[in-house]
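Numbering (the working numbering), first residue to last: 8 to 303.
This is the structure we're talking about:
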């Protein structure tokens, strides 16, 4: 079980901001303001309530709920991620393309539009239903990243987007990617950056009965991807870590604090401590984007 309390998150942001100040990013006045703000938060009656206990749910159960709204209004990571993925894919010749953990078919749609013969694979029947409606020209199969339903040396291109964050270990999935790719084939990986996960960006859903739950979210570092990829003959062609901007926010704790519902945390909490939040999130990468090529 996972226990979350808005005060705990706010104090965490203040702590990260103070560490940034300790490292030299901010001056004495900033540090003293954070300490005073912490005292104010601890004294605030609106933050003395109970927190929320949530359980972890598997991806099939989680995406059964999330599939209905996954594309509306859209994940905030999509614009930067899609721009980089399209830039890589648009430089590759058409062939057989696998969209692994295809979700609602965002990248399958682009691949089909570029002339590829597209196969989409996902473990969620609910996401596959959305993908089939979105990309009728593609073929979609239910399957798992640990055992892709394709033969060896079958794909010229593989895209796996925002999915590996759900896996505790990367090795088995990369082994499947290398097995399915033809020599010289290309693998494009995007994932939620581990620094973003550490700041609380973890997918949350509610069950049909309203119980809160979290999809698995693991923090994979660059070394983890390389350790999984390089021994298989997957060579790095490109790596990007796009961020969330560098804007500074100012302000103080508002007189009336409303953390908002659990479903909106941590985003609804950032405005409560705007200066600390800006310091904690400043220059934080949002994504890892990898382009590998299998040795010929």
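We treat Cβ as the ideally placed atom computed from N, Cα and C, and that holds for glycine.
Where does residue i fall in DSSP's three states?
i	result
residue 294	strand
residue 222	coil
residue 154	strand
residue 163	strand
residue 77	coil
residue 64	coil
residue 189	strand
residue 231	helix
residue 260	coil
residue 287	helix
residue 141	helix
residue 273	coil
residue 101	coil
residue 182	helix
residue 58	coil
residue 5	Nothing about residue 5 can be reported from this structure: the residues present for the chain run from 8 to 303 only.
residue 176	coil
residue 170	coil
residue 49	helix
residue 96	helix
residue 121	coil
When the distance is taken between beta carbons, is residue j closer than 8 Å to residue i?
i	j	result
residue 141	residue 163	no
residue 87	residue 9	no
residue 20	residue 215	no
residue 27	residue 229	no
residue 72	residue 166	no
residue 17	residue 280	yes
residue 112	residue 145	yes
residue 171	residue 69	no
residue 98	residue 191	no
residue 109	residue 90	no
Relative to the C-alpha of residue i, which residue among the options is closest?
i	options	result
residue 193	274, 240 and 45	240
residue 308	275, 231 and 269	With the chain covering 8 to 303 only, the question about residue 308 has no answer from this structure.
residue 96	109, 114, 82 and 108	114
residue 238	104, 170 and 184	184
residue 245	197, 54, 44 and 11	197
residue 107	154, 65 and 98	154
residue 105	90, 33, 66 and 151	151
Taking its Cβ as the centre, do 16 or more other Cβ atoms sit within 10 Å of residue i, making it buried, or is it exposed?
i	result
residue 85	exposed
residue 49	exposed
residue 80	exposed
residue 227	buried
residue 128	buried
residue 299	buried
residue 306	In the structure as shown, the chain begins at 8 and stops at 303. Residue 306 is therefore absent and cannot be evaluated.
residue 143	exposed
Rounded to whole angstroms, how far is the Cβ of residue i from the Cβ of residue j, which I believe are closer than 8 Å?
i	j	result
residue 249	residue 294	5 Å
residue 225	residue 169	About 13 Å; that fails the 8 Å criterion.
residue 157	residue 235	Not confirmed; about 19 Å, so no contact.
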